[in-house]
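Respectively, the protein sequence lines represent chains L and S.
Letter 225 of the first sequence, counting from 1, is numbered 240 in the numbering used here, and no numbers are missing.
Letter 162 of the second sequence, counting from 1, is numbered 177 in the numbering used here, and no numbers are missing.
Ideal Cβ positions, reconstructed from N, Cα and C, are used throughout, including at glycine.
2 protein chains.
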Amino acid sequence: MSDDGREYRIDYFLSAGECNAQSVIPMPTLVQRIIEVSTMHANSTGIGYANLHKRGLAWVLSRISIEMDRYPGINEHFSLTTWIESANRHFSERNVMVTDGSGDVIGYARTIWVAIDMESRRAGDMSAIIDGVPLGDRPCPIARQAKLQPVTVPDMVRHHRFRYCDIDFNRHVNSTRYVETILNEWGVEFFDRNEISRFDIAYMSEIHYNDVVEVVVRNDCGYSEVEIRRDGAACTRARLAFRPVGPQ
Amino acid sequence: MSDDGREYRIDYFLSAGECNAQSVIPMPTLVQRIIEVSTMHANSTGIGYANLHKRGLAWVLSRISIEMDRYPGINEHFSLTTWIESANRHFSERNVMVTDGSGDVIGYARTIWVAIDMESRRAGDMSAIIDGVPLGDRPCPIARQAKLQPVTVPDMVRHHRFRYCDIDFNRHVNSTRYVETILNEWGVEFFDRNEISRFDIAYMSEIHYNDVVEVVVRNDCGYSEVEIRRDGAACTRARLAFRPVGPQ
């Protein structure tokens, strides 16, 4: 953590066993790391799980947007640095910078965390604890997430059931598992030729153990849109922009 | 790493977002950590990915056995310490000790890593690099893995297709994904009442992207046996022993 608590950094090493078929960090792992560094920073400034739990409150991840110039590969060191851009009693904007082993910036993420009351599962009030939380002043050059629209006239619809290992300590589907479910709409060969330049996801309502969902994809708009629906209602929406990669 | 290179330790902190429905470390994450500490130790003693890759060799994880007295929970510190018990040109026996934040031992793992020639995908020869690798002398009190037998007269058979996010840098299914696929045969409520006291898994042949497998389970033998089969041939076998847990 920086001396004034405004920033928090974790250094990582990417072992071979963690890498995806393209020998770089999988997007779900990157999302996991973003959640991790955010959690550690929150813990260290008194707005973490332990302090919130006592008050019946929790942070729920509402949106993530990630833009990567390149992805860390096997045996590479990389670091995530996080800071809060803004915070009020209902939500906070938290950013993350990804740097490589040489300290060069290789990507950014923007996240939105919403306060909920754990009992009612509705909007919570962070007034009592959010005052005085130090804000960072580092710029985050990627655009905020635009509102993700419903996916109309899909190209593909697949059914998927969430199982035991998809469920987290809140008893609903883990944030990273939505990312996996979305990426699994494409194949290994597609990702040999294309990598994600920008990934946006909005978590809208919780999915539970054994829920069967529809995963709906539309590709023909310059990017790809994905919606995870249960009983016809959107639970998660995502937008993926790809760029071509050279032969591996 | 210890001064003589015999042992390697990594300290972890378990954040809330990493935990399973029972608010403890998920078994697939524990397996991932075991692979990670093993990889880091191998890298640090010159028998890691980079040195082997140059010689067209790789370590392939063949078996894991894990016995846990208890599992680390939310916001707990824990550590994995690894050492090589024996090594020859074809395989090595590597053990892992799990300790909690107070330094108390809470579990052990035994692993077997086999040398393969990356081109032929057959047995490799580690003679040139394995000599002089320091062995640890810490005892590992859990039993070696007994040969896992075929699952006859199964209670349940489920079909499963492996997708993009299941595939690792070797272009086959990631070791942890077999563990997930096996655990997914049970539900959240079962794991509320039972935890795994011992987990054995043997990796027999590689599964690839888009492969459809049968997951076969038999429960009536004092423990549970699982086999993942493709075209009728076993690719992975596992044995799980459970013990009851108190109400959450």
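S142 of chain S sits exposed, since fewer than 16 C-beta atoms from the chains shown fall within 10 Å of its C-beta. DSSP places A65 of chain S in the uninterrupted alpha helix (DSSP H) bounded by 64 to 69.
DSSP, reduced to helix, strand and coil, places P259 of chain S within a strand of the structure shown.
For Y193 of chain L, the enclosing alpha helix (DSSP H) starts and ends at 190 to 198. For a cut-off of 8 Å, the C-beta gap from C180 of chain S to L198 of chain L is around 5 Å, short enough to register as a contact. The DSSP assignment places complete beta strand (DSSP E) segments of no fewer than 3 residues inside the stretch 129 to 206 of chain L at 171 to 176, in order along the chain.
The C-beta of R233 of chain S comes no closer than 8 Å to any C-beta of chain L.
DSSP places I222 of chain L in the coil class of the three-state scheme, outside both helix and strand. Cβ-Cβ distances below 8 Å link A248 of chain S to S220 in the same chain, with the five nearest sequence neighbours on each side left out; the list follows chain order. For the C-beta of M55 of chain L, the chain S residues within less than 9 Å are, from N- to C-terminus, F28, S30.
Close to chain L, meaning a Cβ-Cβ distance shorter than 9 Å, are the following residues of the stretch 198 to 220 of chain S: L198, N199, E200, W201, G202, V203, E204, F205, F206.
For the stretch 59 to 77 of chain S, residues whose beta-carbon sits nearer than 7 Å to a beta-carbon of chain L comprise Y64, A65. With respect to chain L, the C-beta atom of D183 of chain S has a partner C-beta closer than 8 Å. In the displayed model, L29 of chain L falls within coil according to three-state DSSP, outside both helix and strand.
Listed as beta-bridge partners of R78 of chain S by DSSP are S:I127, S:A217.
Straight across, the Cα-Cα distance linking F205 of chain S with V39 of chain L is about 36 Å.
The C-alpha of R104 of chain S is placed about 43 Å away from the C-alpha of S212 of chain L. Residue environment for G139 of chain S: buried (at least 16 other C-beta atoms within 10 angstroms of its C-beta). Straight through space, the alpha carbons of P87 of chain L and D207 of chain S are spaced by roughly 37 Å.
Contact with chain S is absent for P259 of chain L, since none of that chain's Cβ atoms lies less than 8 Å from the residue's Cβ.
The continuous beta strand (DSSP E) containing I99 of chain L extends over residues 92 to 102. For T191 of chain S, the CB contacts under 6 Å within the same chain, skipping 5 residues up- and downstream, are P43, V46, Q47 in chain order. With a beta-carbon spacing of about 7 Å, I131 of chain S and R137 of chain S fall inside the 8 Å limit used to define contacts. Closest in C-alpha terms to P169 of chain L, from the list L:S117, L:I243, L:P156, comes L:I243. In terms of Cβ geometry, F214 of chain S and L255 of chain S form a close pair [threshold 8 Å].
Linking A65 of chain L to P149 of chain L through their CA atoms gives a straight-line distance of about 19 Å.
If you draw a straight line from the Cα of E210 of chain S to the Cα of P259 of chain S, it comes to about 6 Å. Looking only at S:H56, S:Y27, S:D26, the smallest Cα-Cα distance to D19 of chain S is reached by S:H56. Between E229 of chain S and H174 of chain S, the CB-CB gap stays under 8 Å. In the DSSP secondary-structure assignment, G88 of chain L is bridged to L:V39.
When the Cα atoms are used, A161 of chain S and N35 of chain S turn out to be separated by approximately 28 Å. Distance from the CA atom of W201 of chain S to the CA atom of V232 of chain S, rounded to whole angstroms, is 10 Å. Across the structure, P154 of chain S and V111 of chain S are spaced so that their CA atoms are roughly 10 Å apart.
Contact annotation: in the stretch 128 to 150 of chain L, no residue has its CB less than 9 Å from a CB in chain S. Taking 9 Å as the upper bound on Cβ-Cβ separation, chain S lies near residues R178, Y179, C180, D181, I182, D183, F184 of the stretch 156 to 184 of chain L.
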